[in-house]
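Reading through the structure tokens given below for one structure.
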Amino acid sequence: MQKIKLFNKNNFYTLKTEQVVNSKIEDLWDYFTNIKNLEKIMPKKYNTKVTIGRRRKLYTGKLFNIKIKILPFVYSNITSEIKAVEKNKYFIDSQIFGPYKIWHHEHHFIVNEDESIKIVDIVRYKLRGIPFIKILHKFFIKKEIIKTFNHRANKINYIFNN
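Residue numbers for the sequence shown follow numbering that gives the first Met the number 0, beginning at 0 and rising by one.
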């Protein structure tokens, strides 16, 4: 089961999710650091494709690009950079081109005493200053982000807890 929190401070949003899985840290790390697996854990409606940076190894400075469908017939290209990596512990990516003014995503992997792994995602994001963006966030964007992270948690649970 996943815990999820989303809060706003001065139009800078923070999403925090926590999920526990039964896996070896090496297996979980290999799965999450293979960028191609993003295509497998994202909701199908987004038709997510990694178009640049499909090689497995993550390193600080690595660039990758994904293409997602945000509305029927409307796609968005997102280019992100890996900002930091500590093997089997965390990696951080930040959007450098895409729909958000800021998107900073930390992926943490914490080994519990019982050898299960707590996955903690912390996403800090800021929306672009377009008209009606707060209304769009309240009624659409926020819900889509939460649904996406819940979908990802369900996929990860299916892969690693079965």
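In this text, a Cβ means the ideal position worked out from N, Cα and C, and glycines have one as well.
DSSP-derived helix/strand/coil call for residue i
i, result
"I129", "coil"
"K8", "strand"
"N76", "strand"
"E143", "helix"
"Y89", "strand"
"Y99", "coil"
Residue environment, residue i, which counts as buried when at least 16 other CB atoms sit within 10 Å
i, result
"A83", "exposed"
"L62", "exposed"
"D29", "exposed"
"I67", "buried"
"L57", "buried"
"F138", "exposed"
"I140", "buried"
"F6", "exposed"
Residue i versus residue j: straight-line alpha-carbon distance, rounded
i, j, result
"K142", "H136", "8 Å"
"D26", "I129", "42 Å"
"V49", "N64", "6 Å"
"I134", "L126", "12 Å"
"Y74", "K44", "11 Å"
"G97", "D113", "39 Å"
"F72", "I34", "24 Å"
"L37", "V110", "22 Å"
"M41", "T47", "7 Å"
"F131", "I81", "31 Å"
Within 8 Å, strictly: CB atoms of residue i and residue j
i, j, result
"H106", "F90", "yes"
"I118", "Q18", "yes"
"R123", "F11", "yes"
"Q1", "T16", "yes"
"V20", "N153", "no"
"I155", "I3", "no"
"E94", "I69", "For the record, residue 94 in the displayed sequence is Gln; it is not Glu. No."
Every unbroken alpha helix (DSSP H) inside the stretch 18 to 64 [4 residues or more]: As far as the stretch 18 to 64 is concerned, its whole alpha helix (DSSP H) runs of at least 4 residues are 24 to 31, 37 to 40.
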